[in-house]
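In my numbering, the protein residues as written are 121 to 303.
As C-alpha cells, this is what we get:
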C-alpha cells in the first residue's frame, strides 16, 4: 500500500526539479556560450559540466522525494545541512527543511520512523499514550483429578470451621482433620 505523500514533501520535490532545471540551463550556458572566451574557456566548460551533473542529481533527488524513497530524505538532509552556510536565506531555509524532514509523520511517510497513529474520528476518545498492555497467556489447565476446595459456607453461631478449607471442627481439636492446618 502506497503511503500518501505529504504536501511539504511534494513542495520539496518540485523545488528539487526546479533546481535541477536551473542548474542544467546554467551549465549549458556556461559550457556552450562562454566556452569561446580565449582566456577562461576551459574553466567555463568545466564549470558548466559540473553544474549539469548537479542539475541531474537534483532531478534524481526530486524523483526520490516524489516517490518517498528513504535515500532521498537522507540526501535532502545533507543538502539542507550544506545550505546552512548560505547566511541568511540558506540558513533559514536549511533550518526549516531540517525541522520538517525530522518530524515523526514525515519520517514515517518515508518508512524511516515508527508509524504515526491517526487521530480518532470525532466522538471517540483519544488512544492512551504509551505501549499497549502486555498480553498475558492463559495459565496452564488444572491438574487432572484436582478439585478446588468449596468456598466456606457461613457457619451457624457457635460452630467452628477451619480457616484454610472450611471444614466443620469439633470443639477442642488442635488440627483440622480435613487439611491438617493448625487451628
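Where is the CB? At the ideal position from N, CA and C, for every residue including glycine.
Exposure of residue i, with buried meaning 16 or more beta-carbon neighbours within 10 Å
i	result
residue 172	buried
residue 159	exposed
residue 299	exposed
residue 149	exposed
residue 303	exposed
residue 132	buried
residue 182	buried
residue 263	exposed
residue 333	The displayed coordinates of the chain run from 121 to 303. Any statement about residue 333 would go beyond what the structure contains.
Option in the options with minimal Cα separation from residue i
i	options	result
residue 195	170, 204, 184	184
residue 168	224, 235, 146	146
residue 129	208, 187, 153	187
residue 201	190, 148, 220	220
residue 198	297, 218, 229	218
residue 301	290, 285, 209	285
residue 174	224, 140, 216	140
residue 229	212, 192, 161	192
Residue i to residue j span [Cα, whole Å]
i	j	result
residue 125	residue 227	11 Å
residue 121	residue 178	With a pLDDT of 46 at residue 121, under the threshold of 50, the modelled position of that residue is not reliable, and the figure given next carries that caveat. Distance between the alpha carbons of residue 121 and residue 178 is about 27 Å.
residue 293	residue 255	47 Å
residue 267	residue 288	19 Å
residue 214	residue 260	59 Å
residue 127	residue 176	23 Å
residue 180	residue 258	54 Å
residue 142	residue 153	16 Å
residue 207	residue 155	31 Å
residue 239	residue 165	55 Å
residue 204	residue 234	28 Å
residue 282	residue 265	23 Å
residue 163	residue 170	11 Å
Anticipated Cβ contact below 8 Å, residue i with residue j, distance rounded
i	j	result
residue 190	residue 236	Their Cβ separation, rounded to whole angstroms, is 16 Å, which puts residue 190 and residue 236 out of contact at 8 Å.
residue 297	residue 280	That pair is no contact at about 12 Å.
Exercise for the section: Report the residue ranges of all alpha helix (DSSP H) runs contained in full by the region 183 to 226; include only those spanning at least 4 residues, in chain order. Expected result: Qualifying alpha helix (DSSP H) stretches, in chain order: 190 to 203, 209 to 221.
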